[in-house]
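Reviewing the structure listed below.
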Amino acid sequence: MHGRLKVKTSEEQAEAKRLEREQKLKLYLSATEAVLQKRQAGQLDESVLELTSQILGANPDFATLWNCRRQVFQKLEAQKSPEDLAALVKAELGFLESCLRVNPKSYGTWHHRCWLLSRQPEPNWSRELELCARFLEADERNFHCWDYRRFVAAQAVVPPAEELAFTDHLITRNFSNYSSWHYRSCLLPQLHPQPDCGPQGRLPEDVLLKELELVQNAFFTDPNDQSAWFYHRWLLGRADPQDALRCLHVSRDEACLTVLFSRRLLVGPGMETLLLMVDESPLAVEWRTPDGRNQHSHVWFCDLPAASLHDQLPQHTFRVIWTAGNAQKECILLKGHQEGWCRDSATDEQLFRCELSVEKSTVLQSELESCKELQELEPENKWCLLTIILLMRALDPLLYEKETLQYFQTLKAVDPMRAAYMDDLRSKFLLENSVLKMEYADVRVLHLAHKDLTVLCHLEQLLLVTHLDLSHNRLETLPPALAALRCLEVLQANDNTLTSLDGITNLPRLRELTLGNNCLRMLSVLQPLASCPRLALLDLQGNPLCHAEGISEQLAELLPSVSSILT
Amino acid sequence: MANNLPSEFDVIIIGTVLKENILLSTIHLSTYSTSGLPESIIAAACSRSGQRVLHVDSRSYYGGNWASFSFSGLLSWIKEYQEFNDSLNETQAWQEQILNNEEAIVLSRKDRTIQHVEVFCYASQDFHEDVEEAGALQKNHASVTSVNYTEAAHSVYVPSEDESLSTVSCEIPADQTASSNPESGPEVNDVEAVAEKENHCHDKTHVQATKENEKNENVPTAENNAEQLRKNTITYSQIVKEGRRFNIDLVSKLLYSRGLLIDLLIKSNISQYAEFKNITRILAFLDGRVEQVPCSRADVFSSKQLTMVEKRILMKFLTFCMDYEEHPEEYKAYEEITFSEYLKMRKLTPNLQYFVLHSIAMTSETTSTTIDGLKATRNFLHCLGRYGNSPFLFPLYGQGELPQCFCRMSAVFGGIYCLRHSVECLVVDKDSRKCKAIIDQFGQRIISKHFIVEDSYFSENICSSIQYRQISRAVLITDRSLLKTDSDQQISILIIPASEAGTSAVRVIELCSSTMTCLKGTYLVHLTCTSSRTAREDLEPIVQKLFVPCTEMEKENEEVAKPRLLWALYFNMRDSSDVSRNSYNDLSSNIYVCSGPDCELGNDNAVKQAEALFQLICPNEDFCPPPPNPEDVVLEGPSLQAEALECSSVLEVNSETCNKSLFLGNPL
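Here the protein sequences come in this chain order: P and G. Per my numbering, residue 255 is the first one in the first sequence, and the count goes up by one each step. Per my numbering, residue 5 is the first one in the second sequence, and the count goes up by one each step.
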């Protein structure tokens, strides 16, 4: 048709494009080569700046070339007058901006900017803040820029209140912004310092309530946005507990002293130092962990010499001093007693409420109410369900036990991908509740049968337990931490799916072990049992290994001291 | 120019084109561009497809209803309605050219699309006027427009249809009504009569003013207060003096961010000729207060008016609307009920029902079904976030820019634009019943294959069987925004639901000065609805709810609440959008009719119409494909097109524009 424009065909276009690319590549390679040659020859002059800028302008992620530029700058700093240098720096800042426009997430470019500015006598920080604001306008989740902003704010000593207002602004625009929420979590404790708090400190209640309202706005608007829930968890989270010695136990029979710490630690030469004072005089001992690995552990024990346990005095006093933790504890072994201990009760110390803080329960209560309200609207929101469970635990784990279990049911149904995680969490909470109940009852017997447990945790808290029933659960293993139960005499673990027994090792008092109806196949998994000196009764009925030929003989050989083995 | 016109084209578009308006240019040396949007799109598409396009303006007066005006331009537009009738009887020299086997379709020269134009001026008319005089005017409902001291003296126009003259635009004080006889006369005589009458009541008003003056002591006024206010207030003379800062659209529309027009602008690359701004907020008028409607995720998050639970309910409902078709169980059972009942059924709180029904879906409470509402809501949400935090865009310098962009495209591809060139008639072959040519004002016969005519050109005998709908429009200049916030540069849309059965919702669009449509310190407010009465009868109640006349003394608290009216214009515009082709009597098949603007918020109708007509003219051709990259054009000798392409780069956007404006493109 007449009047038509003649346009190149797509082949022609492709060919033109290819030639152009080829040309570009040639230039790129030759410039790179030239730079590297000059660098090798030590010719670090302004021509290198020119050459590298050609390449970096197109590809700002070439780290080596940024290094070249830094070398050139270092050299020029010594040679140039301050005015010339200032002009160079100004040009460099402009160049960096153009590189950031090419790739706003280039590590090398942001790093070079930090480097350059921290070398200036009087950098223009307000301009840098403006730059950050502009880049965050374009992409509010550019964490490179957030990083740089924190650097600038620190250098320029920007008041935290201003930075907080900036995060307000960005959160208002789009609250799906981990960086912004995180920045708040750093700024708020600075703005509202609280006495007697670690760096992760808590907030005054009025500030906390305002933050909770803000974050509630976010999760009511979009309950599927994780960033708000994470911040919510931070707000309600609590600082690490103070270092303490939770329990001291001394046994005359085994001639040993066992210590339970508030956190895992490594005791030994060059590590944490523990001082043992027996009747007020120091005693040098060798500390070990119950599982024999001597790695980081909550529980450590040592053998005591007979001299420390003799029966002449009415009592012996044992004091353990943890120097680094600035903590100590004392326990007394009375004459005629087999053992003595001193411990902090889990019921007093709220040991198990570590998921959420012990903030005023009114705050937690109102949070729980809002979350329940949200849950009614969004019955299938996993974040909401999980938060409800955590809040209930923080408020009163025993009171809410039944309700919590129902929420776990729902949670597993709506998020089957994480069912195993929920099961483990549920196991943990049930175990905690059982421990609490046991301590309220002031007994040393723990019943955990028929609780659908999938994992055992907090075992270190069971240091004093003598009878433990784990029957009818879904346990696959008795973990090494079980070795911490140094008073355990009877362990029932029938009707699980156990395949390994690593934790039944070095249990000095274990007499009875029932492992009926489990999945034990190999004789070798019973090996750890040989280290339990008093084991007399072992029930293995209903395990696959019972069907093996000559099993009785093999067992007798492996566990010669066990008088009664049922297969 | 006319003498050199080629005598043969493929497509002739008889509409309004980039037009230097003689009348206006005598007052201000400014060039106005107007053109119907569908015609311009067809012109661009046809030129792009290699058709030889002639775009002629056949009117002797300013015409297109898609136009933008400067303030003085608008005053002259009003004035022109008084003068166009003069040219009715011209010599019909062209008749000699009609052959025996031909007949002529005479094009109408009278615009019947605009009616009931009424103007009010509330702004202080002179700086030096003393407070008493200004205060005296307060009792008048509105000071009469006819400002003796300015050009605007003649700006009042009385409708030329068979109208009772009692609807004269000036609001006559009660004791004056007697003197304004309810005389009604045939339209031809109107102009003079009006002028006379106009002067008459004018004088009267002044008398009244003086009377008021004397009684002034009795009126409890806080004069100091008033004086203070006046100092910060824009005066009428400022508006006139700075009239070029205004770009006042006759149609008030917005672009849906994913509407057909945006798609077309992007696809054809015509978007490069324009700049846009995002509408910044959606407002609602609830319990007598103007509030911002939370409609995006960020709005809902930061809204202070919604409770936590409302936030969830709203977000949940909107999320559902995004892909409602995938959840038939949620709405299938409720297809028969209205959307408003459906919202109630979904347990939205009354506030949320209002927001969704009127501000988001913008549907009628009584007539829209569940499906209508869900569709509209989805469309709204679909457009949200493409270019910003609202679903709408507004072109800088006004809606009138858009037809111009398409005309540029047409010109770049060889379209010929003929200014001040009127067409006398279309020539139809008696045997084939096809249109063959046009005859222009110089008697030149220009033949063509296709003829595109805006419907307002057809004389009454062609349109006799058509019942037109009307659009009621108001254009206001105010001194502050309907809802004050930190930023005074907000572009807002506000829907006011129908107050009674049989009326329609009123759409209010408030433009700030950074849209380049009004003077700094003022706001341009457009009101639009489907007419049930005259524009003023339809819209004045709303205006009174939202604004206070500048002349009225304000109480302390009111001052903060309501923006003050400086100037107001009402008019009705014909809506021919739903007229089917068959309704035109005896029309040749190669004459294509473009309708004037419709009442919808978006521009989809114009694009659909243009594309449909283009497909008739150029079947199987791509509609407005992107122009080739200038580098890819193969030059063959002195190619005009190539030159034209080069030129296109000159047509870049204005440097005056705001740096926050948007260039269209695919969003990030």
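C-beta atoms are modelled at their ideal positions from N, C-alpha and C, and glycine is treated no differently. This one's a predicted model, so the numbers in the text were calculated from it and none came from an experiment.
Practice prompt. Look up P553/G in the DSSP assignment and give the residues it is bridged to.
Written response: L569/G
Worksheet item: When the cut-off is 8 Å and only beta carbons count, does Q470/P lie next to chain G?
Response: yes
Fill in: 8 Å contact criterion, which D822/P and A509/P should meet: CB distance rounded
Look at the range of chain P in this structure, 255 to 821, and you will see that residue 822/P is not part of it.
Discussion item. Strictly below 8 Å CB to CB, what residues from chain G border N261/P?
Written reply: Note that residue 261/P corresponds to Val in the displayed sequence, not to Asn. By Cβ distance, chain G contributes P632, D636, V637 and V638.
Practice prompt. Would you check if the distance between the CB atom of S592/G and the CB atom of R437/G is smaller than 8 Å?
Written response: yes
Worksheet entry | Cβ neighbours of D636/G in the same chain (closer than 7 Å, five flanking residues each side left out) | none
Practice prompt. Determine the extent of the beta strand (DSSP E) in which K281/G is found, giving its start and end residues.
Written response: F280 to N282
Fill in: Closest by C-alpha distance to Q471/G, when choosing among V583/G, D483/G and M312/G
V583/G
Worksheet item: Who are the near neighbours of L242/P in its chain, counting only those whose CB is closer than 7 Å to its CB and skipping five residues on each side?
Response: This structure cannot settle anything about residue 242/P, because the visible part of chain P is limited to 255 through 821.
Practice prompt. Please go through the same chain and pick out, in chain order, the residues whose beta-carbon is closer than 6 Å to the beta-carbon of C625/P, but skip the five residues on each side of it.
Written response: C638, T641 and I642
Worksheet item: When Cβ atoms are compared, which residues of the segment 316-333 of chain G fall closer than 8 Å to chain P?
Response: R316, I317, M319 and K320
Practice prompt. Locate the beta strand (DSSP E) running through T616/P, then write down its first and last residues.
Written response: From DSSP, T616/P is part of no beta strand (DSSP E) but of the alpha helix (DSSP H) over S615 to L631.
Worksheet item: In terms of residues, what are the limits of the alpha helix (DSSP H) holding I805/P?
Response: I805 to L812
Worksheet item: For Q765/P, which residues in chain G fall below 7 Å Cβ to Cβ?
Response: Strictly speaking, residue 765/P in this sequence is Arg, with Gln absent from that position. The contacting residues do not exist; R765/P stays about 58 Å from chain G at best.
Worksheet item: Just checking, does the segment 104-116 of chain G make contact with the segment 416-430 of chain G on the three C-beta pairs under 8 Å criterion?
Response: yes
Worksheet item: So which of A610/G, V123/G and S368/G has the shortest CA-CA distance to E504/G?
Response: S368/G
Worksheet item: Roughly how many angstroms separate the alpha carbons of E246/G and K320/G, rounded to a whole number?
Response: 48 Å
Discussion item. Please classify V406/P as buried or exposed, where buried requires at least 16 other C-beta atoms within 10 Å of its C-beta.
Written reply: buried
Discussion item. Contact criterion: CB-CB distance below 8 Å. Does M312/G meet it with respect to chain P?
Written reply: yes
Item to complete: Kindly list the residues whose CB is nearer than 7 Å to the CB of I309/P, restricted to its own chain and excluding five residues on each side of it in sequence; keep chain order.
Response: Y282, A285, T286, F316 and L319
Practice prompt. Establish whether the CB of S306/G and some CB of chain P are separated by less than 8 Å.
Written response: yes
Worksheet item: Exposed or buried, A572/G, counting other C-beta atoms within 10 Å across all chains shown (16 or more means buried)?
Response: buried
Practice prompt. Starting from the C-beta of R372/G, find all residues in its chain whose C-beta is less than 7 Å away, skip the five residues before and the five after it, and write them out in chain order.
Written response: The sequence shown places Ser at residue 372/G, not Arg. Cβ within range, chain order: T342 and F343.
Worksheet item: Which residues mark the beginning and the end of the alpha helix (DSSP H) in which G377/G is found?
Response: T374 to C387
Practice prompt. Give the secondary structure of Q242/G by DSSP, where H, G and I count as helix, E and B as strand, and everything else as coil.
Written response: helix
Practice prompt. Excluding the 5 residues preceding and the 5 following S352/P in the sequence, name in chain order all residues of the same chain whose CB lies nearer than 7 Å to its CB.
Written response: G311
Worksheet item: Looking at N357/P and P314/P, is the spacing between their C-beta atoms short of 8 Å?
Response: yes
Worksheet entry | C-alpha gap between D435/G and I18/G, whole angstroms | 24 Å
Practice prompt. Kindly say whether Q409/P, judged by its beta-carbon, lies nearer than 8 Å to any beta-carbon of chain G.
Written response: no
Worksheet item: Quick one: Cα of L498/G to Cα of T284/G, how far?
Response: 12 Å
Item to complete: For D476/P, go through chain G and note every residue whose CB falls closer than 7 Å to its CB, in chain order.
Response: R301 and M319
Fill in: Close beta carbons around A226/G, own chain, < 6 Å, minus the five adjacent residues each side
Per-residue confidence for A226/G stands at a pLDDT of 43, beneath the threshold of 50, marking its modelled position as unreliable; the derived number appears in the next sentence. Same-chain partners within the cutoff: there are none.
Fill in: In DSSP terms, what K440/G is bridged to
Its beta-bridge partners do not exist; DSSP assigns none.
Worksheet entry | Burial state of P477/P, where buried means 16 or more other Cβ atoms lie within 10 Å | buried
Item to complete: Count the other CB atoms, across all protein chains shown, that sit within 10 Å of the CB of S817/P; report buried if there are 16 or more and exposed otherwise.
Response: exposed
Worksheet item: How would you call L612/G, buried or exposed, if buried means at least 16 neighbouring beta carbons within 10 angstroms?
Response: One point to set straight first is that residue 612/G is Lys, not Leu, in the sequence displayed. Exposed: under 16 other Cβ atoms inside 10 Å.
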